[in-house]
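Residue numbers (numbering that gives the first Met the number 0), protein chains in the order written: chain A, 0 to 346; chain B, 0 to 346.
Where a beta carbon is used, it is the ideal one built from N, C-alpha and C, also for glycine.
Number of protein chains: 2
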Amino acid sequence: MKIKKILWISFVFVLLSFVAAASGVSQESDELLRQARVVFQPLPSVMPSPKDNSSTPAKVTLGKMLFYERRLSASGGISCQTCHPMSTYAADCIPKSIGHLGKINPRNAPTVLNAGFQFSQHWRGDRPSLEDQADVSLLSPFAYANANYDEAQNRIKSIPGYWELFQKAFPGEKEPITHDNIARAISAFERTLFSSSRFDQFLAGGKKVLTDKERKGLNVFLDTGCAACHNGALVGGMTFQKFGVVTPYWKATGSQEIDQGRFDITKREEDRYIFKVPPLRNVSVTDPYFHDGSVNRIDRAVKIMAEVQMGKRLNEQDVESIVSFLGSLTGTLTQEVLTVLVLPPSR
Amino acid sequence: MKIKKILWISFVFVLLSFVAAASGVSQESDELLRQARVVFQPLPSVMPSPKDNSSTPAKVTLGKMLFYERRLSASGGISCQTCHPMSTYAADCIPKSIGHLGKINPRNAPTVLNAGFQFSQHWRGDRPSLEDQADVSLLSPFAYANANYDEAQNRIKSIPGYWELFQKAFPGEKEPITHDNIARAISAFERTLFSSSRFDQFLAGGKKVLTDKERKGLNVFLDTGCAACHNGALVGGMTFQKFGVVTPYWKATGSQEIDQGRFDITKREEDRYIFKVPPLRNVSVTDPYFHDGSVNRIDRAVKIMAEVQMGKRLNEQDVESIVSFLGSLTGTLTQEVLTVLVLPPSR
């Protein structure tokens, strides 16, 4: 009788423990989701267009062609996809892109996936819009290297197949083949380059979408303070910050050169070593890291960030969890994104 | 009565004339098709694989990835698609391709569409197979610029995602990531790059597929003697010939340098100015022309060929017809050809 009672009590106790544990897990998961929703947002379904460049199918199609159009460049060898090949998530796997006739670009090429959501473009944020980025690239000695806009425009004008495409994309304009419209069309195409991931499903309430390790990583990411800068829909991409708040970044990264960041643009002391906070979407598949591509491994990049930004030394396990969480930010590439269009022949 | 009779006779006469004319057109068309079938063949449905590189879906998939794989190159900036972008019919619209860190290649990049049907590769035919072409490119200072094969192999070995792909493509091999297998996979993919055109439908009996102008052009093409070299399934690509039989080619093309052709390979006097006869499939959309890309316009290229090879001066109308016929050799690019695959991340 006594034994039976003890057995019963034990059974009930074990049962209650399980229920408590299960509800604990669920509560923990609910709490994590609640916290995550405070700092992150799912990728919106529309990338905002500026007033003077509303998106149309004709413009997007033209822009997609121009994205792959090497005849926009002085050498005939450079197109947007030179630095942003879709097969590697619209980034190019090297520290600094190789541009016009082998010229090495000053900084690492960020992916153009989701780029239109950012508050500005380029590492120093000196390109206020996608349009400006594309437009300026036409003259950049590292990129298209045209001596002037006429050069680029005239080359496109000399290709008869483009005439109708520009007319359709910019109806009512008498001479639509201009560098501004080239940049507009490319930007309209770039605004179709969404890449949502499992993290969006998690934020939408799909708690089980993330693995235990990824959830743990998200927790460590939040606890460590990474989300102070890496937040919002892009997990970054919305503010400027100093790289190396606690210690100089180049001592940790081993950078060959010391990039002054926005200081070189504004000449204001407070902008020294200030860079745009990079979005972390697709970060796992777009190495190497930092503005100079000085670090190859993502685990090392995570460690360095904790160290130079917050003076924290993460243990191996925490680094591993964060890396695991960052993997959930790897998006899918649609067939549309992976398909090129046939360009009109030269003559 | 007399008038009625005259009217009847006139009517019958006119009717007979029409019938005769129609049958003449048909006979002429039949005769043209007959003649065409003597010298040309439709594109076969299978590109022949060498014995040691039979094609499998796994190999083709891997090869397609490697075709776009810049990490095969010393700089990280060059892939097969650098010289052979699919959006412009797998040729690059410039006289000579821009390779490793801006190095200008010695000759124009031919399209890789249908290339596996040719008897050899490159302008001088010094690459006996697609495999050899891909393999040698890995070390070419103008292309991948690896110091040795280990460099290329080790870079691919360092990408975990490739291990399984190579194992599937080369089952049973212990260490499948070798330069030979890289070249084999790329070649297997290239053997899927068919590009048939309206001309194949014509050869299959679809006489109405070609326009009047194109048929006339085909006639002039045959009459002029172009098909002496440009024949077979590729309308070329199967023999060596001297460029400039009647007069030196560079006087007509305005070439900056005099390329000695196969002489530089064999050192035999009879090989001076000898080049592979280029296939004319997709010629309309793969300008500029000749081994050095010295001529932009296809009409000028046609004129030059008649002049320097056969000492003939074609009139404008004949040139125009031939150009029109050559347009019927422009193939279609399948969605498959226009789609890239996602490559495995570096780490």
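Where residue i falls: helix, strand or coil (DSSP)
{"i": "B:T285", "result": "coil"}
{"i": "B:F118", "result": "coil"}
{"i": "B:R69", "result": "helix"}
{"i": "B:I93", "result": "coil"}
{"i": "B:K275", "result": "strand"}
{"i": "B:S78", "result": "coil"}
{"i": "B:R261", "result": "coil"}
{"i": "B:I158", "result": "coil"}
{"i": "A:K173", "result": "coil"}
{"i": "A:T87", "result": "helix"}
{"i": "A:T338", "result": "strand"}
{"i": "A:F239", "result": "strand"}
{"i": "B:S196", "result": "strand"}
{"i": "B:V245", "result": "coil"}
{"i": "A:R141", "result": "What sits at residue 141 of chain A in the sequence shown is Phe, not Arg. Coil."}
{"i": "A:V301", "result": "helix"}
{"i": "A:R190", "result": "coil"}
{"i": "B:G216", "result": "helix"}
Cut-off 6 Å between Cβ atoms - residues of its own chain near residue i, not counting five sequence neighbours on either side
{"i": "B:K241", "result": "Y272 and I273"}
{"i": "A:R261", "result": "R123, D270 and I273"}
{"i": "B:A168", "result": "A57, K58, L61 and A184"}
{"i": "A:H83", "result": "A89 and V111"}
{"i": "B:E213", "result": "S323, F324 and S327"}
{"i": "A:L209", "result": "F201 and S327"}
Counted within 10 angstroms of its Cβ, other Cβ atoms place residue i as buried (16 or more) or exposed
{"i": "A:D134", "result": "buried"}
{"i": "B:K95", "result": "buried"}
{"i": "B:D291", "result": "buried"}
{"i": "B:K207", "result": "exposed"}
{"i": "A:G243", "result": "buried"}
{"i": "B:S136", "result": "buried"}
{"i": "A:G235", "result": "buried"}
{"i": "A:E189", "result": "buried"}
{"i": "A:Q120", "result": "buried"}
{"i": "A:I257", "result": "exposed"}
{"i": "B:D29", "result": "exposed"}
{"i": "B:D211", "result": "exposed"}
{"i": "B:N147", "result": "exposed"}
{"i": "A:P278", "result": "buried"}
{"i": "B:G76", "result": "buried"}
{"i": "A:G115", "result": "buried"}
{"i": "A:G330", "result": "buried"}
{"i": "B:T252", "result": "buried"}
Same chain, Cβ closer than 8 Å to residue i, neighbours up to 5 away in sequence not counted
{"i": "B:I297", "result": "V282, S283, D286, Y288, V322 and L325"}
{"i": "A:E150", "result": "A73"}
{"i": "B:A35", "result": "F201, L202, L217 and L221"}
{"i": "A:T238", "result": "F118, C228, K275 and V276"}
{"i": "B:Y248", "result": "F242, S254, Y272, F289, I303 and V307"}
{"i": "A:L32", "result": "F201, L202, G204 and K206"}
Spatial neighbours of residue i in its chain, beta-carbon cut-off 7 Å, leaving aside the 5 residues before and after
{"i": "A:F220", "result": "A226, I321 and F324"}
{"i": "A:N230", "result": "V38 and F39"}
{"i": "B:L233", "result": "N113, F116, Q117, P278 and R280"}
{"i": "A:V336", "result": "M85 and L192"}
Chain-ordered neighbours of residue i on chain A, where CB pairs are closer than 7 Å
{"i": "B:G76", "result": "I93 and I97"}
{"i": "B:M85", "result": "V339"}
{"i": "B:L100", "result": "I97 and G101"}
Closer than 9 Å at the beta carbon, the chain A residues around residue i
{"i": "B:R36", "result": "In chain order: nothing, as chain A lies at least about 28 Å away."}
{"i": "B:Y288", "result": "The contacting residues do not exist; B:Y288 stays about 11 Å from chain A at best."}
Contacts that residue i makes with chain A (C-beta to C-beta distance below 8 Å)
{"i": "B:I297", "result": "R346"}
{"i": "B:R123", "result": "Simply none; closest approach about 23 Å."}
{"i": "B:Q334", "result": "T338"}
Neighbouring residues, chain D, relative to residue i (Cβ below 8 Å)
{"i": "B:V59", "result": "Any reference to chain D falls outside this structure, whose protein chains are A and B."}
Under 7 Å from the C-beta of residue i: neighbouring residues of chain B
{"i": "A:L31", "result": "Those do not exist, as A:L31 stays about 26 Å from chain B at its closest Cβ, beyond 7 Å."}
{"i": "A:L342", "result": "S86 and T87"}
{"i": "A:R70", "result": "C92"}
8 Å Cβ cut-off: residues of chain B touching residue i
{"i": "A:Y67", "result": "P84 and S86"}
Under 9 Å by beta carbon: chain B residues contacting residue i
{"i": "A:S283", "result": "P344 and R346"}
*Below 8 Å, can you find three or more Cβ-Cβ pairs linking the region 272 to 287 of chain A to the region 173 to 180 of chain A?*
no
_Under 8 Å, with one C-beta from each stretch per pair, do the region 253 to 267 of chain A and the region 303 to 320 of chain A reach the 3-pair mark?_
no
_Given 8 Å, three or more beta-carbon pairs between the region 188 to 203 of chain A and the region 153 to 165 of chain A_ = no
*Is there contact here, the region 25 to 38 of chain B with the region 93 to 108 of chain A, by at least three beta-carbon pairs under 8 Å?*
Output reads no: the region 93 to 108 of chain A does not touch the region 25 to 38 of chain B.
*Give a yes or no on contact between the region 30 to 46 of chain A and the region 190 to 200 of chain A, applying the rule of three or more CB pairs nearer than 8 Å.*
yes
*Flag this pair as touching only if the region 64 to 72 of chain B and the region 47 to 55 of chain B have three or more C-beta atom pairs under 8 Å; answer yes or no.*
no
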